[in-house]
Each structure stands twice: as structure tokens, then as C-alpha cells.
Amino acid sequence: MVKTMHVYEGKAKKMIPLDERKFIMEFKDDATAFNGEKKAQFKGKGWLNAQISTMLFKMLEEKGIKTHFIGVAGDNKLIVERLKMYPLEVVVRNVVAGSLKKRLPLTEGTELPEPIVELYYKEDALGDPMINYYHAKVLGVGEDEIKEMEHIALRVNEILREYFKEKGIILVDFKLEFGQNEKGEIVLADEISPDTCRFWDAKTKESLDKDVFRFDKGDLINAYEELYRRLVGEA
Ligand SMILES: Nc1ncnc2c1ncn2[C@@H]1O[C@H](COP(=O)(O)OP(=O)(O)OP(=O)(O)O)[C@@H](O)[C@H]1O
Ligand SMILES: [Mg+2]
């Protein structure tokens, strides 16, 4: 497959080809919500998400999860393996929040008896709709590939849930993206940050994630810095 050397600019990141096999993934200070309807810039947001993603990818690699993370290329830049991305978002939920309230008769904050995995088609024009195996097959993604992504996502959930619990943080839910490398292996890609996860302070249930911006619940940088401080172990 011929790989272009064009820069891809998304809503939150820039993907800059380094060579045939690597990207510089640059985190921007942009924040968007509700499919891009709400937009703003927060100085330092890119740096925070790059640091947090780096820590979490390194920790997951140590636990045997294959990720696209290769290294750091500056303040808000990571070096990642270029992958053939699945047009999917795999969401794992531990606690009722966000759009789950529209699907099940459960109140926000209810802990789920077991994690729920949901599949979304990553297509802004369609509003990233929720899909099932049959839809995915039409998109060219086989059942075995989805089963493997779900399996990896549930393993990532076990690891991250425990990791954050020790830091007094509840991992409410999160979104993962996967790609395929040249060997045909399924690899965890994109980012893991307060943009793609919901984190609540275990005592106060205060949001330490993008909900602060989505629902005007305070200062996004304060929330992301608080999360970062907890991860690096600063009081
Ligand atoms: N290792 C990788 N190889 C190839 N593409 C990747 C890799 N990791 C992430 N991507 C893709 O790069 C883009 C990152 O940019 P950004 O997150 O800003 O995305 P986006 O496409 O605007 O969509 P959204 O904001 O809805 O995620 C995404 O399309 C993501 O799927
Ligand atoms: Mg994205």
C-alpha cells in the first residue's frame, strides 16, 4: 500500500508523516465537542494530553498491550507507528454517563454490574453512529477482528481501572481506536487522554476530563492539570 506523505489534520491532532512507517502525532490546543459544534482553544492542552497519553501507552506496553507508541518528539509530539486504521471507535463503560443514559433506564453515576463495550462508526458526516457486527462487516471489518478489539479493550479497561483507582480516580468510560500494522496485527492507536476518557474524582465525583468543557463545569486546564499531577504523583 503506497503511503502518502501528506499531513492529516484532525480536530485535536495533526498526523505528520516522518517516513513510510512513522508519524509525528502532534497534539493541538484545540478542544471540540458535540461533533465539532462547540470549539475552543486552551493553551497547554496539547502538552497535557501528550504527556498523559505517553504515560498511559508506556504503562500499557509494560502490561503486554501492543500500542502504536514509539517515542516522544518534543513537548506535544509523539512518534507513532503508521497504521491502517479501522473506521471504528471502541467504547468501554464502567459507570453510567454520557449517551448511555439515552439507551438504558439507569441514572448517571450508577456502577454497571460489568463493563459494557460499544462500537461506533467513526464518520463525522453520520455523527459517529453506534453500530453492531453486521454493520461492521459491511464496512469490511470481520467478526474475528472485532472480537479481538473488544478483548484488548476489556484488558485495557482492567489495567487502567486499577491504575486510576490507586490514584483516587474512577475510570467512568473511554474510547479507543485501533489500526493494523504491516504484519496484520491489531494495534492500539490514537490517544488515551481526558479528551477520550471520563475520569471522576473518587470522593467528589468531580469531572477531570472534557466534560468540564462539554457542559461548562469549570476550567478545562485546571481539570487536566489535576489529573496530570495525580498521574505523576505530585500532591
Ligand atoms: N497510528 C496511527 N496511524 C494512522 N492514523 C492514526 C494513528 N493514530 C491515530 N490515527 C488517526 O489520526 C487522526 C488523529 O486526529 P484527530 O484525533 O484530531 O482526529 P479526527 O479524525 O478529527 O477525529 P476525531 O476528532 O473524531 O477523532 C484520527 O483520524 C485517527 O484515527
Ligand atoms: Mg481523534
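Each residue of the sequence shown is one higher than the last, beginning at 12 in the numbering used here. Quick reminder that beta carbons are idealized off the backbone N, C-alpha and C, glycines included.
Residue i, DSSP secondary structure in three states
i      : result
Ser64  : helix
Gly53  : The residue asked about is misnamed: residue 53 is Phe in this sequence, not Gly. It is coil, neither helix nor strand.
Leu238 : helix
Asp41  : strand
Val243 : helix
Glu177 : coil
Ser218 : strand
Leu123 : strand
Glu154 : helix
Asp135 : helix
Met109 : The residue you asked about is not Met; residue 109 is Gly in the sequence shown. If DSSP states are grouped into helix, strand and coil, Gly109 belongs with the helices.
Glu159 : helix
Leu231 : helix
Leu59  : helix
Lys194 : coil
Arg172 : helix
Cβ distance (whole Å) where residue i is taken to contact residue j below 8 Å
i      : j      : result
Glu92  : Arg32  : 7 Å
Ile63  : Leu238 : 7 Å
Asn87  : Ala61  : 4 Å
Lys54  : Lys39  : Contact doesn't hold; Cβ gap of about 11 Å is too wide.
Leu89  : Met36  : 5 Å
Ile163 : Ile76  : 7 Å
Glu143 : Leu123 : Reading off the sequence, residue 143 comes out as Asn, not Glu. Actually they do not touch by this definition, with Cβ atoms about 19 Å apart.
For residue i: DSSP bridge partner residues
i      : result
Arg248 : There is no way to answer for residue 248, as the model of the chain reaches only from 12 to 246.
Phe224 : In the DSSP output, where bridge partners are listed per residue, Phe224 has none listed.
Val128 : Val103
Leu199 : Thr78 and Phe189
Val167 : Answer is none; Val167 lacks a bridge partner.
Leu89  : Met36 and Val83
Pro98  : In DSSP, Pro98 forms no bridge with anything.
Thr26  : For clarity, residue 26 is Met in the given sequence; the question names Thr instead. Answer by DSSP bridge pairing, in chain order: Tyr19 and Met36.
Met70  : Paired residues: none, contrary to the question.
Ile142 : Leu130
Reference residue i, options the options, closest by Cα
i      : options                           : result
Glu126 : Thr118, Arg172, Val149 and Leu150 : Checking the displayed sequence, the identity of residue 126 turns out to be Pro instead of Glu. Measuring from the Cα of Pro126, the nearest candidate turns out to be Arg172.
Phe175 : Ile35, Ala147, Trp211 and Ile197  : Trp211
Arg209 : Tyr97, His79, Ser110 and Gly151   : Ser110
Asp206 : Glu73, Ile170, Glu236 and Val198  : Glu236
Val106 : Glu119, Lys95 and Met70           : Glu119
Gly21  : Thr43, Asp30 and Glu156           : Thr43
Thr121 : Gly138, Met160, Leu182 and Glu154 : Leu182
Val149 : Tyr97, Asn233 and Lys112          : Tyr97
Lys69  : Leu219, Lys56, Val83 and Asp230   : Val83
Phe34  : Glu72, Leu94, Gly57 and Lys56     : Leu94
Thr215 : Gly179, Glu193 and Gly153         : Gly179
heavy atom of ligand 3 below 6 Å from residue i C-beta
i     : result
Ala44 : With respect to ligand 3, the structure shown offers nothing to examine, as its ligands consist of ligand 1 and ligand 2.
Indicate whether the contact test is met: 3 or more Cβ pairs, each with one atom in the stretch 220-228 and one in the stretch 44-51, closer than 8 Å. At 8 Å Cβ cutoff, the stretches touch.
Counting Cβ pairs closer than 8 Å, one from the stretch 191-204 and one from the stretch 125-139, do we hit at least three? The count of Cβ pairs closer than 8 Å, one atom from the stretch 191-204 and one from the stretch 125-139, stays below three, leaving the stretches out of contact.
Taking one C-beta from the stretch 82-101 and one from the stretch 180-191 each time, how about it: are there three or more such pairs within less than 8 Å? Enough Cβ pairs lie closer than 8 Å, so yes.
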